Amino acid sequence: MQIQTETRDGNLVLSVQEPRLDAHNSDELKDYIAKLLEGNESRLVVDLSAVRFIDSSGLGALLSGYKNANLHRASLVLAGLQPRVQAMFELTRLNRVFEIYRDVDEALAGH
Amino acid sequence: MQIQTETRDGNLVLSVQEPRLDAHNSDELKDYIAKLLEGNESRLVVDLSAVRFIDSSGLGALLSGYKNANLHRASLVLAGLQPRVQAMFELTRLNRVFEIYRDVDEALAGH
Amino acid sequence: MNDIEVDIVVPNQTRYLSLIGRIGEAIARELDHYRGDREALAYQLNLVLTEAMANAIKHAHHENAGKTVRVRIHIDRDALQIEVYDQGQGFDLESLPPPQPDVPVEHGRGLFLIRTLMDEVEYRRGKPENVLIMRKRLQ
Amino acid sequence: MNDIEVDIVVPNQTRYLSLIGRIGEAIARELDHYRGDREALAYQLNLVLTEAMANAIKHAHHENAGKTVRVRIHIDRDALQIEVYDQGQGFDLESLPPPQPDVPVEHGRGLFLIRTLMDEVEYRRGKPENVLIMRKRLQ
Ligand SMILES: Nc1ncnc2c1ncn2[C@@H]1O[C@H](COP(=O)(O)OP(=O)(O)O)[C@@H](O)[C@H]1O
Ligand SMILES: Nc1ncnc2c1ncn2[C@@H]1O[C@H](COP(=O)(O)OP(=O)(O)O)[C@@H](O)[C@H]1O
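Chains as they are written, first to last, in the working numbering: chain A, 1 to 111; chain B, 1001 to 1111; chain C, 2001 to 2139; chain D, 3001 to 3139.
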């Protein structure tokens, strides 16, 4: 799985460089986020703008990261969702759980 | 089949607005060109820039138009071929038969 | 007779989910008698195929890479039917609890999504195969 | 076992050429053990499927919309094999004249393209079906 990370204004921005987030690669994302949270990160911004397709296990991996972040007194927010990906969050009502920003810049400003 | 026509500098520019030119729609293109040649056209420029895929019957329809144009003392040239479409002309050596221009502007200048 | 049938067998591995999903998208984009939004349908078929096949791979075949999953897609004038076969122990679709949005757990949204996006969903236990049957009306 | 099988039956109508072509493209894009240019392969599979199916529709089934065409795609580690079935009178692949580039006729380039793009091409006459078998090595 291709993931790019970058520190910006004290946030760790994590860009998922995969068109699909599904049962084939979601565990890898989950483990990746878990490992990052063992460091001293306080806020993760997950940039999903390259993701065209997400399934329930992709949603599950992000939710796992979200809960894990809370346990570590950190936070995890989402940015750049394509409209059909956004629709999956709405269908499962996970849009009420996550903080979702239009893009990374807004996620950084919304801090 | 979606075809746009436009007269420019005394040429009739015919833009094929279909991603595929295959055995399903090539007869329509052939008939369309044949009908145009019954008018008083002297030069047809067929703009293929929207065509992503061409099969042997698409090539055949263009060849029919080419020969038909010659019979009517007119001419038919091609413009805007995408690389994989161009490759089909090369594989069948039809690039030696047709005058092929990079885009419509060059086809008009090349007159 | 205007029926289309596509019958696919792939190894029991999650790396083939995207192939099945893509074939579903290809079919959606060519359904010329579908009145709705074809790109939305493409995503939906991609999704329900991915969810159903992932369940067969994980819950029925326990990720055994030597097994196979069979997916059948049948389209007639009125409806599109997807069948995903598994050779597992089976489960009871009707007694699955609905997801509880206020208790966000990581699993258990696959069949909820399938049921939300398709018009009829049924799981038939059988020997040697069980099958999840999903139908969507096209008109 | 890493084989993939896709078996498709569609009405004997040219409007379904694009569906078959798209499925071929979907498969090419997911062949993760293919070393070459996957987008080029996608075009090639789209093309050979389109050519072979158009021949079945026109030359074997004489555009009879009530008939069907069956296409089978089989992938194993080493090769991809496409079979296109028809229930027509059959023909002799080996005695087809090669296209003559200096005499540009409108027809007769379909099998030439298939032969150029695939590694092995064979037409087997049979009852009740004939089949055009096309193989391409993947390594
Ligand atoms: N093909 C299957 N064979 C056996 N059990 C299944 C199958 N599909 C689903 N299940 C059961 O139904 C449950 C709910 O499935 P689903 O809603 O897709 O969520 P998840 O896969 O995330 O658990 C699974 O946890 C599993 O117990
Ligand atoms: N499935 C088939 N059944 C019967 N004849 C066929 C079949 N496929 C090809 N042919 C014969 O082979 C010829 C050459 O086919 P092809 O190279 O595809 O060019 P075209 O279809 O343009 O004629 C056809 O004209 C036809 O006579």
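Cβ coordinates follow ideal geometry from the N, Cα and C atoms, glycine included.
Please read these numbers as outputs of a predicted model, since none were measured by experiment.
- In this structure, L14/A places its C-beta atom within 8 Å of the C-beta atom of I3/A.
- In the structure shown, the three-state DSSP call for R3109/D is coil.
- Annotation for E90/A: the continuous alpha helix (DSSP H) segment containing it runs 83-91.
- For D3007/D, the chain C residues whose C-beta falls within less than 7 Å of its own C-beta are D2007, listed in chain order.
- Contiguous beta strand (DSSP E) elements confined to the region 3049-3125 of chain D occur at 3068-3075, 3079-3086, 3120-3124, taking only those with 3 or more residues.
- Nearest neighbour of Y3043/D by Cα position, chosen from R1043/B, V1045/B, S1049/B, F1053/B, turns out to be F1053/B.
- For K2136/C, the enclosing beta strand (DSSP E) starts and ends at 2130-2137.
- Listed by position along chain A, the residues whose Cβ is nearer than 9 Å to that of L2093/C form an empty set, because the closest Cβ is around 16 Å away.
- At a cut-off of 8 Å between beta-carbon atoms, N2064/C makes no contact with chain D.
- Short note on L3096/D: C-beta closer than 7 Å to some heavy atom of ligand 2.
- When Cβ-Cβ separations below 8 Å define contact, S1075/B makes no contact with chain D.
- If you draw a straight line from the Cα of Q17/A to the Cα of D47/A, it comes to about 9 Å.
- Looking at L2111/C, H2107/C, N2046/C, R2135/C, the one whose alpha-carbon comes closest to that of D27/A is H2107/C.
- The count of Cβ pairs closer than 8 Å, one atom from the region 3026-3040 of chain D and one from the region 3057-3067 of chain D, stays below three, leaving the stretches out of contact.
- Residue V2009/C holds the alpha-carbon nearest to the alpha-carbon of E3005/D among Q2087/C, L2031/C, V2009/C.
- With respect to the 8 Å criterion, I100/A and G65/A are not classified as neighbours on the basis of their beta carbons.
- The Cβ of P3011/D sits no closer than 8 Å to any Cβ of chain B.
- The DSSP-derived three-state label of N40/A is coil.
- For the pair of segments examined, the region 56-74 of chain A was found to touch the region 36-46 of chain A: the number of CB pairs separated by less than 8 Å reaches three.
- Rounded to whole angstroms, P83/A and T92/A show a C-alpha spacing of 14 Å.
- Closer than 7 Å to some heavy atom of ligand 2: that does not describe the Cβ of E3120/D.
- Annotation for A23/A: no beta strand (DSSP E) segment contains it, and DSSP assigns it neither H nor E.
- Taking all protein chains in view, the Cβ of Q2100/C is surrounded by fewer than 16 other Cβ atoms within 10 Å, so the residue is classified as exposed.
- In terms of beta-carbon proximity, L3041/D stays away from the interface with chain C, with every pair separated by 8 Å or more.
- Counting of Cβ neighbours within 10 angstroms places T2014/C among the buried residues, the total reaching 16 or more.
- Rounded to whole angstroms, the Cβ separation of I2075/C and L2031/C is 7 Å, and the two are in contact under 8 Å.
- Each of L1037/B, L1078/B, D1055/B was checked against the Cα of R1102/B, and the nearest Cα belongs to L1078/B.
- Residue state for V2006/C is assigned as strand, using DSSP reduced to three classes.
- The beta carbon of H2107/C sits closer than 7 Å to at least one heavy atom of ligand 1.
- For ligand 1, no non-hydrogen atom lies closer than 7 Å to the CB of E2129/C.
- For P2101/C, the chain A residues whose C-beta falls within less than 9 Å of its own C-beta are T92, R93, L94, R96, V97, listed in chain order.
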